[in-house]
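Student: So the number in this note's numbering is just where the residue sits in the sequence shown, counting from 1, plus 6. Glycine is no exception: its CB is placed at the ideal position from the N, C-alpha and C atoms.
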Amino acid sequence: MNKKLLTAAFAMSMTLASVAQTAFIDVNTKKLGAPIQSTMYGIFFEDINYAADGGLYGELIKNRSFEFPQHLMGWQAFGCVDVMDDGPFERCPHYVILSDPGHNDRRTGLINEGYFGIGIEKGEVYRFSVWAKAPKGDGTIRVQIINERSMEERQELVEQELPITSADWKKYTVNLTSPQTNKHAKLRIFLKGSNSVALEHISLFPVHTFKNRENGMRRDLAQALADLHPGIFRFPGGCIVEGTDLDTRYQWKNTIGPVENRPLNQNRWEHTFDYRYFADYYQSYGLGFFEFFQLAEDIGAEPLPILSVGLACQFQNWDKESAHVPLNELQPYIDDCLDLIEFANGPVTSKWGKIRAGMGHPAPFNMKYIGVGNEQWGEFYYERLKPFVAAIRAQYPEIKIVGSSGPMPDDTPDNTYRFEDGWKAMKELKADLVDEHYYRDEEWFLTNGLRYDTYDRKGPKVFAGEYACHGKGKKWNHYEAAILEAAFMTSFERNADIVQMTSPAPLFAHVDGWQWRPDQIWYDNTDMFKTVSYYVQQLYATNAGTNVLSLTMDKKPVANQTGQHGLFASAAFDSKTNEVIIKIANTSKQPQPVSFNLTGMKGTRTAQTLTLSHSGMDDENSICKPELITPQKGTIQVDEGKGASILLDDLPPMSFRIYRVKK
Ligand code: AHR
Numbered sequence: 007m008n009k010k011l012l013t014a015a016f017a018m019s020m021t022l023a024s025v026a027q028t029a030f031i032d033v034n035t036k037k038l039g040a041p042i043q044s045t046m047y048g049i050f051f052e053d054i055n056y057a058a059d060g061g062l063y064g065e066l067i068k069n070r071s072f073e074f075p076q077h078l079m080g081w082q083a084f085g086c087v088d089v090m091d092d093g094p095f096e097r098c099p100h101y102v103i104l105s106d107p108g109h110n111d112r113r114t115g116l117i118n119e120g121y122f123g124i125g126i127e128k129g130e131v132y133r134f135s136v137w138a139k140a141p142k143g144d145g146t147i148r149v150q151i152i153n154e155r156s157m158e159e160r161q162e163l164v165e166q167e168l169p170i171t172s173a174d175w176k177k178y179t180v181n182l183t184s185p186q187t188n189k190h191a192k193l194r195i196f197l198k199g200s201n202s203v204a205l206e207h208i209s210l211f212p213v214h215t216f217k218n219r220e221n222g223m224r225r226d227l228a229q230a231l232a233d234l235h236p237g238i239f240r241f242p243g244g245c246i247v248e249g250t251d252l253d254t255r256y257q258w259k260n261t262i263g264p265v266e267n268r269p270l271n272q273n274r275w276e277h278t279f280d281y282r283y284f285a286d287y288y289q290s291y292g293l294g295f296f297e298f299f300q301l302a303e304d305i306g307a308e309p310l311p312i313l314s315v316g317l318a319c320q321f322q323n324w325d326k327e328s329a330h331v332p333l334n335e336l337q338p339y340i341d342d343c344l345d346l347i348e349f350a351n352g353p354v355t356s357k358w359g360k361i362r363a364g365m366g367h368p369a370p371f372n373m374k375y376i377g378v379g380n381e382q383w384g385e386f387y388y389e390r391l392k393p394f395v396a397a398i399r400a401q402y403p404e405i406k407i408v409g410s411s412g413p414m415p416d417d418t419p420d421n422t423y424r425f426e427d428g429w430k431a432m433k434e435l436k437a438d439l440v441d442e443h444y445y446r447d448e449e450w451f452l453t454n455g456l457r458y459d460t461y462d463r464k465g466p467k468v469f470a471g472e473y474a475c476h477g478k479g480k481k482w483n484h485y486e487a488a489i490l491e492a493a494f495m496t497s498f499e500r501n502a503d504i505v506q507m508t509s510p511a512p513l514f515a516h517v518d519g520w521q522w523r524p525d526q527i528w529y530d531n532t533d534m535f536k537t538v539s540y541y542v543q544q545l546y547a548t549n550a551g552t553n554v555l556s557l558t559m560d561k562k563p564v565a566n567q568t569g570q571h572g573l574f575a576s577a578a579f580d581s582k583t584n585e586v587i588i589k590i591a592n593t594s595k596q597p598q599p600v601s602f603n604l605t606g607m608k609g610t611r612t613a614q615t616l617t618l619s620h621s622g623m624d625d626e627n628s629i630c631k632p633e634l635i636t637p638q639k640g641t642i643q644v645d646e647g648k649g650a651s652i653l654l655d656d657l658p659p660m661s662f663r664i665y666r667v668k669k
């Protein structure tokens, strides 16, 4: 069929509103292009928005070791409660002593408020544990999960007595089964009798965590990560890698070993925005580097840890001397990198490999990538990164190093952020990948579809390590932003020879405790929802393909160029399933007829489709309507054309569609 006839056939079958010209798109299925790396679509975790404590990490008790600067923050103490600082765990020395308040009608005890409450689910078992001692070797506590808000006669939902039988520190455990689902329960402990008890590291954990690990992750949230099928898992941040100052930078060595002895760290996001201020935002490090590596393994992603380069957050510190480790004092930071590689990959006979084995993972984690510096820029960064690169190359030449091009995707007019200089420096230092960050508005996403087509193919590869469409004046997870992300992502796929890793940001947000939006996954204490952006990521990751195919319109890439009707598109071949996978976004407000000419394919067949289409541009999923907007499955007929199969379709306005066609 020639183009004229096709257009006529289409015009007849369409409504008045959809009289746009057909877009004729050529897909060459004969010639395989660049391989698409398995790391292409990934996730980036940072403890922002209560993503770790209060989020993914299963612990339900806030300030479980009484190490917050206000030692009883998160706790309500009543009766006779003393805070002590000579406990059994060197790096978490604080604990409490509950004593007899002196006369019968008073009580002694503690209530923990959790993170915006404690979320419990009907029928689930919660493991209460505590390190305790009773000076007389004979004390008892009553452990309750309570609902203070209830009109019921009794506040306690479930209670267990726990005898403390030793005068020496010992761990005690008791299970509590919840009779109801409640987002805002609390934990209450009463001292029973008159013998005092000392309590340390008071923990309440769902028994049923992701993969049932004892120090594990909240099941629904970790499952949502697994369902994304991420190829790469970047952790632990973000700005928290750098810290507000050097003292509060993320130090991975503080995050391994027994959880009771992991020192507390201030969270850099506690105070960042005073309009979203959370005075109780700290990092317990219960979710530490061992758990990150294990989670990466559990969800099948390559781990990509990012470590401090010896610069505290540059946004907050600018030229402050104290925020830069002098060049001749960098060695401990470099050692942290080398030791981490040994922790992840070293034999059990090595110092750090032995610690990993002691934590339950004798096999190496097989880490292949390391990032040095989060979102750094300028000479301060380049001169510090240099000795790291030299040391890592000398000892671990097989490890790929990720450097940064700073916080902006381009040079800023005032030259504060010099993106181009960043790339130049990374080329000179021979970084393997360069981490780019862009939080940009709709216009940027609509006009940057060709961003990577002109990149130098001889230098480092691209890691689009943080990006999101921030709607102008809206900044939330609305449908339109997600479609523009989907559109822009076709440029990743088309340029898979140079773009080898990507991850949107941030990943998680607690609805009651967020500091930054949009985010991929939102939750409260019992429920969660996936944003439309999440579904975009999932669609890409589960329809990635193995090789790029050429897809053009008038011999040009389809990236919203002049005459392309707001279309963005790319194509891949999946050698595992023998399918051609086409991704196309219609970013116009009109329906758009399209005709794909599938060179190299003959005959008819039925193709599978996956579509995101919705009319309300500002609509979003939510806790109340978690599935308002989700991808829909369908099928479409592929016809016999002149010398090639042909696929005709009519794309809804502002939509994203994937076709899977058996070759
Ligand atoms: O994703 C939120 C923050 O954005 C990250 O911590 C930082 O790297 C970037 O500025």
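Between M432 and G377, what straight-line distance do the alpha-carbon atoms span, to the nearest angstrom?
Tutor: Rounded to whole angstroms, M432 to G377 spans 12 Å at the Cα level.
Student: Using 8 Å for Cβ pairs, my map puts E52 next to I246. What's the rounded Cβ distance?
Tutor: About 6 Å; that satisfies the 8 Å criterion.
Student: I need the boundaries of the alpha helix (DSSP H) containing M46, first residue and last residue.
Tutor: Neither: M46 is in no alpha helix (DSSP H) and is coded neither H nor E.
Student: Let's see if you can read the secondary structure: which residues bound the beta strand (DSSP E) around G551?
Tutor: That residue, G551, is in no beta strand (DSSP E); it is neither H nor E in DSSP.
Student: Run the CB neighbour count on A23, radius 10 Å, all protein chains shown included, and call it buried at 16 or more, exposed below.
Tutor: The pLDDT assigned to A23 is 45, lower than 50, so where the model puts this residue is not dependable, and the model offers no usable value.
Student: Pick out whichever of A369, D624 and T114 has its Cα sitting closest to the Cα of A350.
Tutor: Per the Cα distances, A369.
Student: Which parts of the region 410-485 are runs of the alpha helix (DSSP H), unbroken and 4 residues or longer, counting only runs that do not cross its ends?
Tutor: With a minimum length of 4 residues, the continuous alpha helix (DSSP H) runs that stay inside the region 410-485 are 425-435 and 448-453.
Student: Helix, strand or coil for A83, going by three-state DSSP, please let me know.
Tutor: Correct three-state label for A83: strand.
Student: Excluding the 5 residues preceding and the 5 following P353 in the sequence, name in chain order all residues of the same chain whose CB lies nearer than 6 Å to its CB.
Tutor: Excluding sequence neighbours, P353 sits near G359.
Student: Taking 8 Å as the threshold (C-beta atoms), are C475 and R457 in contact?
Tutor: No, the pair does not count as a contact, with Cβ atoms beyond the cut-off.
Student: Measure the alpha-carbon distance for W383 versus F535 and round it to whole angstroms.
Tutor: Cα to Cα, W383 sits roughly 35 Å from F535.
Student: To the nearest whole angstrom, what separates the beta carbons of V203 and L78, a pair I think is in contact under 8 Å?
Tutor: With a Cβ gap of about 17 Å, V203 and L78 do not count as contacting.
Student: Run the CB neighbour count on Q506, radius 10 Å, all protein chains shown included, and call it buried at 16 or more, exposed below.
Tutor: Q506 comes out buried.
Student: At a threshold of 7 Å, does E472 count as lining ligand 1 (C-beta to nearest heavy atom)?
Tutor: Yes, since a heavy atom of ligand 1 falls inside the 7 Å radius drawn around the Cβ of E472.
Student: Can you give the Cα-Cα distance for P466 and E442, rounded to whole angstroms?
Tutor: Approximately 12 Å, taken between the alpha carbons.
Student: For G48, is the beta carbon positioned less than 7 Å from some heavy atom of ligand 1?
Tutor: No, the beta carbon of G48 sits no closer than 7 Å to any heavy atom of ligand 1.
Student: What are the residues that DSSP puts in a beta bridge with R148?
Tutor: For R148, which the question treats as bridged, DSSP gives the partners E167 and F196.
Student: Is the region 237-246 close to the region 49-67, with three or more CB pairs under 8 Å?
Tutor: Output reads yes: the region 49-67 touches the region 237-246.
Student: Just the C-alpha distance for G364 and Q257, rounded to the nearest angstrom, thanks.
Tutor: Distance between the alpha carbons of G364 and Q257: 20 Å.
Student: Do Y375 and V408 come within 8 Å of each other at the CB atom, strictly closer than that value?
Tutor: Yes.
Student: Just mark Y283 as buried or exposed, buried being the case when its beta carbon has 16 or more other beta carbons within 10 Å.
Tutor: The residue in question, Y283, is exposed, as its Cβ has fewer than 16 Cβ neighbours within 10 Å.
Student: Relative to the C-alpha of K392, which residue among D342, E448, L333 and I361 is closest?
Tutor: Of the candidates D342, E448, L333 and I361, the one whose C-alpha sits nearest the C-alpha of K392 is L333.
Student: Along the beta strand (DSSP E) that carries I527, what are the first and last residues, could you check?
Tutor: Here the beta strand (DSSP E) through I527 covers I527 to Y529.
Student: Roughly how many whole angstroms lie between the Cα atoms of A613 and L653?
Tutor: Taking the straight line from one Cα to the other gives about 9 Å.
Student: Helix, strand or coil: which one does DSSP assign to S202?
Tutor: If DSSP states are grouped into helix, strand and coil, S202 belongs with coil.
Student: Count the CB pairs spanning the region 600-613 and the region 512-523 that are closer than 8 Å, and state whether there are at least three.
Tutor: No, because fewer than three Cβ pairs between the region 600-613 and the region 512-523 fall closer than 8 Å, the two stretches do not touch.
Student: DSSP has A6 in a bridge; who is on the other side?
Tutor: The question about residue 6 has no answer here: the residues shown for the chain are numbered 7 through 669.
Student: Checking 8 Å against the spacing of the C-beta atoms, do V538 and E626 come in under that value?
Tutor: Going by C-beta atoms, V538 is nearer than 8 Å to E626.
Student: Can you check whether the C-beta of V667 is within less than 8 Å of a C-beta belonging to chain C?
Tutor: Looking at the structure shown, chain C is missing, and only one protein chain is on hand.
Student: Is the closest heavy atom of ligand 1 to the C-beta of D201 under 7 Å?
Tutor: Note that residue 201 corresponds to Asn in the displayed sequence, not to Asp. Answer for N201: no, Cβ out of range of ligand 1.
Student: At a threshold of 7 Å, does N380 count as lining ligand 1 (C-beta to nearest heavy atom)?
Tutor: At least one heavy atom of ligand 1 is nearer than 7 Å to the Cβ of N380, so yes.
Student: Measure the alpha-carbon distance for N584 versus R224 and round it to whole angstroms.
Tutor: Distance between the alpha carbons of N584 and R224 is about 37 Å.
Student: For the candidate residues G249, N267, E308 and E348, whose alpha-carbon lies nearest to that of Q322?
Tutor: Comparing Cα positions, the closest option is G249.
Student: Would you please state the rounded distance, in angstroms, between the beta carbons of I340 and F394? I believe it to be under 8 Å.
Tutor: Right, the Cβ-Cβ distance comes to about 6 Å (below 8 Å), so this counts as a contact.
Student: When the Cα atoms are used, what is the spatial distance from V149 to K192?
Tutor: Those two C-alpha atoms are separated by around 11 Å.
Student: Compute the Euclidean distance between the alpha carbons of D417 and F296, then round it to the nearest angstrom.
Tutor: Cα to Cα, the separation comes out at about 37 Å.
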